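Presented below is the structure to which this report refers.
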Amino acid sequence: MKLEGVLRVMEHVPVVTRPLQDVRCCDGDSVTLEALVDAPKTSLIRWEKQGKVLKLGGDVESEWDGSRVRLKIREVYPEDEGEYSCIIFNDMGKAVTSATLVVEMADDKENDVTVQLEHRPDLSRRTTPSRTNTPTRFSRSPSVGFQREGSAHSWAGVGWREPSISVSHWRPLSRGSSPLLHARRLTPEPSTRSKTRRSHGPKFYYIPHDRIVEEGETVTFQCAVKGYPIPKAIWDKDSIRVLEDGRFKMVEKEEIRMLEIPKVTQQDAGLYRVTIENDLGREQATARLDVIKATGNKYSGYVRSWYSSPLTAPRFTRTMASTTIREASRIRLSTEYRGSPTPRAKWYRNNELLPLCEEFSQTYNGKEATLEIPSATAADAGTYTCVLINDAGKTECSCEVMVENHKEMADQPPYFLRRLQDLTVLDGDEVRLTVKLSGSRPMKVVWVRNDQEIPDSQDFRYEEDTSGKFSLLIRDVFPEDAGVYICEAYNAHGDAHCYCRLTVHGRQQG
986 MKLEGVLRVM EHVPVVTRPL QDVRCCDGDS VTLEALVDAP KTSLIRWEKQ
1036 GKVLKLGGDV ESEWDGSRVR LKIREVYPED EGEYSCIIFN DMGKAVTSAT
1086 LVVEMADDKE NDVTVQLEHR PDLSRRTTPS RTNTPTRFSR SPSVGFQREG
1136 SAHSWAGVGW REPSISVSHW RPLSRGSSPL LHARRLTPEP STRSKTRRSH
1186 GPKFYYIPHD RIVEEGETVT FQCAVKGYPI PKAIWDKDSI RVLEDGRFKM
1236 VEKEEIRMLE IPKVTQQDAG LYRVTIENDL GREQATARLD VIKATGNKYS
1286 GYVRSWYSSP LTAPRFTRTM ASTTIREASR IRLSTEYRGS PTPRAKWYRN
1336 NELLPLCEEF SQTYNGKEAT LEIPSATAAD AGTYTCVLIN DAGKTECSCE
1386 VMVENHKEMA DQPPYFLRRL QDLTVLDGDE VRLTVKLSGS RPMKVVWVRN
1436 DQEIPDSQDF RYEEDTSGKF SLLIRDVFPE DAGVYICEAY NAHGDAHCYC
1486 RLTVHGRQQG
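The numbering of the sequence shown is the working numbering, which starts it at 986 and goes up by one.
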């Protein structure tokens, strides 16, 4: 009994006590993402980047000691930028925490001297060369080289590395002077080259976050951006542009972009998006605002108690069904969900994140997530996944979407993708016989029992959906309904049929 009590204490759902923090760093830095977790040591750890499992090894390693989990990247490159998630799981459940890593390019390509970089031998995973800050000038000796070294530092949850210079030969030029790199006793000459600022597209290194507030509070969405020329920011709510009209206040101060909404109302709830843009590109980020109705002091305690209630992992209350549609038709997928705080929803097709754009219209209202594609093509076929994430966990559901080509289906006779199966039921049960058909339309389907066609009626109802499913619904089956049922399908190019035997047993009395 004592051992069982110990096991019950040890086995529990993992809980994140301090989540991962967003990190901003420079190309070549050493970075550590760290979270504190209350979980048994037997729990397993999985790291993901942009929703895909992160491969560990080389300069990327994970550490887990039962209370602290870390992801270490010894040398960061631009392609390491993205959203990282840590999933801690065991037989009792799982916990998820996520953070964004932003990698800045070092503006140090305009050095006054020529130096030889020592690159690491294996660059197969990387595409961008290393860069090093140069705190002083160097002589033009070809024997001078340097490499990135240093130790990891941390500040406010952000990890980075200060580069240092490693040179084979150096000595001071004169007593008491600052040490300069020197190989042939050549003093550096002042540079006559003018430094020009390198142009690059806009990027976020801090994005706005979802907010849940009471009516009457003031809300500020804030982001930090980089780019040259300096990007301009445009805010919109539910795809309608937000204008600075006295109520909404927009602030741009250096790299900070803010949208302030004073005394929010229920009408202010929705999906807010900020678009940053310059001549070299455009980036977008979104955040959801949920407004809790506060009706007075009588309920204020209840509202605040609800807001501070324990976190609830997201869950689906309605999932998606697989479907088949024709080319040029609209695809509409939707799910319903719950969770506290309100989960963030992301859509994937064949494990690739779908962007927010007109081609993939995505809407969320805190309870339902919808994806719409206005005009489907063959490329839109595949597996669609909706992923829900909040501070308490992560869940997902998927469905298959098939796109039929008009030309390919133009001259096809009926073909059964799913045939009837023998069925045994009890007197009074509801029975549904279902088949799935492919073939060119129009197509007629009739149901036959014991060689007699069954008319569509209240007792024997014909059903059909857009995915090619045809059903015969018998709401209240009787023993005399037993027999052989045949489904016959016809179109202009042929016919097909399949059958099954329905057996009806009487219910036992007493």
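In this text, a Cβ means the ideal position worked out from N, Cα and C, and glycines have one as well.
If you're wondering where the values come from, they're calculated on a predicted model, not measured in any experiment.
Start-to-end residues for the beta strand (DSSP E) that takes in residue i
| i | result |
| --- | --- |
| I1215 | Where I1215 is concerned, there is no enclosing beta strand (DSSP E), given that its DSSP letter is neither H nor E. |
| E1237 | K1234 to K1238 |
| Q1269 | G1266 to I1277 |
| P1299 | T1297 to R1303 |
| L1021 | V1016 to D1023 |
| Y1062 | Looking at the DSSP string, Y1062 is not in any beta strand (DSSP E), and its letter there is neither H nor E. |
| F1445 | F1445 to E1449 |
| N1435 | From DSSP, N1435 is part of no beta strand (DSSP E); its letter is neither H nor E. |
| L1405 | No beta strand (DSSP E) contains L1405, which DSSP labels as neither H nor E. |
| R1196 | R1196 to E1199 |
| F1455 | K1454 to I1459 |
| S1426 | In the sequence under discussion, the amino acid at residue 1426 is Arg, which differs from the Ser named in the question. From DSSP, R1426 is part of no beta strand (DSSP E); its letter is neither H nor E. |
| F1189 | H1185 to Y1191 |
| T1260 | G1255 to N1263 |
| G1468 | G1468 to N1476 |
Straight-line Cα distance separating residue j from residue i
| i | j | result |
| --- | --- | --- |
| S1314 | D1365 | 11 angstroms |
| Q1493 | P1464 | 13 angstroms |
| C1483 | K1421 | 11 angstroms |
| T1002 | F1074 | 15 angstroms |
| D1184 | E1344 | According to the sequence provided, residue 1184 is Ser. The question's Asp does not apply to it. Using only the alpha carbons, I get a separation of about 29 angstroms. |
| L1041 | S1028 | 18 angstroms |
| R1403 | R1434 | 19 angstroms |
| Y1322 | I1197 | 17 angstroms |
| Y1475 | S1456 | 15 angstroms |
| S1047 | P1216 | 36 angstroms |
| L1244 | A1270 | 13 angstroms |
| K1234 | S1052 | 43 angstroms |
| Q1437 | T1309 | 32 angstroms |
| F1401 | V1489 | 26 angstroms |
| Y1486 | T1451 | Looking at the sequence shown, residue 1486 is not Tyr but Arg. Their backbone Cα atoms lie some 27 angstroms apart in a straight line. |
| I1471 | W1432 | 6 angstroms |
| V1087 | V1008 | 6 angstroms |
| G1324 | R1232 | 31 angstroms |
| K1352 | A1477 | 45 angstroms |
| L1339 | A1377 | 24 angstroms |
| D1092 | A1354 | Note that D1092 scores 49 on pLDDT, short of 50, meaning its location in the model is unreliable; the coordinates nonetheless yield the value given after this. Approximately 41 angstroms, taken between the alpha carbons. |
| I1439 | T1419 | 15 angstroms |
| L1411 | R1426 | 36 angstroms |
| D1414 | R1273 | 47 angstroms |
Opposing strand residues paired with residue i [DSSP bridges]
| i | result |
| --- | --- |
| S1070 | E1033 and S1083 |
| E1389 | R1311 |
| M1243 | Q1207 and V1236 |
| E1089 | C1011 |
| T1002 | Looking at the DSSP assignment, T1002 forms no beta bridge with any residue, so it has no partner. |
| V1489 | V1410 |
| S1047 | L1056 |
| T1250 | Paired residue(s): none; T1250 is not in a bridge. |
| D1441 | Its beta-bridge partners do not exist; DSSP assigns none. |
| V1227 | Partner(s): none; V1227 has no beta bridge. |
| D1221 | R1226 and R1258 |
| D1480 | Y1475 |
| V1420 | F1455 |
| F1401 | L1422 |
| V1038 | E1033 |
Proximity to residue i [Cα-Cα], best of the options
| i | options | result |
| --- | --- | --- |
| P999 | P1399, L1021 and D1007 | L1021 |
| D1014 | C1485, V1061 and A1218 | V1061 |
| M1077 | P1025, S1052 and C1485 | P1025 |
| D1461 | D1450, V1416 and E1448 | V1416 |
| C1371 | P1359, Y1349 and A1363 | Y1349 |
| P1359 | N1336, V1210, I1277 and L1318 | L1318 |
| E1200 | D1253, G1231 and V1210 | D1253 |
| I1241 | V1249, T1205, L1265 and S1224 | T1205 |
| E1019 | L1458, F1189, T1082 and L1039 | T1082 |
| R1311 | G1453, K1034, W1032 and L1005 | G1453 |
| Q1207 | I1246, E1229 and N1335 | I1246 |
| D1044 | T1355, K1037, I1192 and L1056 | L1056 |
| V1388 | Y1369, T1419, A1363 and T1409 | A1363 |
| D1407 | V1469, D1264 and P1326 | V1469 |
| R1258 | E1066, M1428, I1192 and A1084 | I1192 |
| N1496 | H1194, G1367 and A1306 | Residue 1496 lies beyond the range of the chain shown here (986 to 1495); nothing can be said about it. |
| P1299 | P1328, K1278 and H1194 | P1328 |
| W1032 | E1064, D1023, C1071 and P1063 | C1071 |
Residue i: CB within 8 angstroms of a non-hydrogen atom of the ligand MN
| i | result |
| --- | --- |
| A1306 | Summarising the ligand content, the structure contains no ligands, and the ligand MN is consequently not present. |
CB contact below 9 angstroms: residue i versus chain D
| i | result |
| --- | --- |
| Y1369 | The structure shown contains no chain D; it holds only a single protein chain. |
task: Entirely within the segment 1310-1381 and at least 3 residues each: give me those beta strand (DSSP E) ranges in chain order.
output: 1316-1325, 1329-1334, 1346-1349, 1353-1358 and 1367-1375
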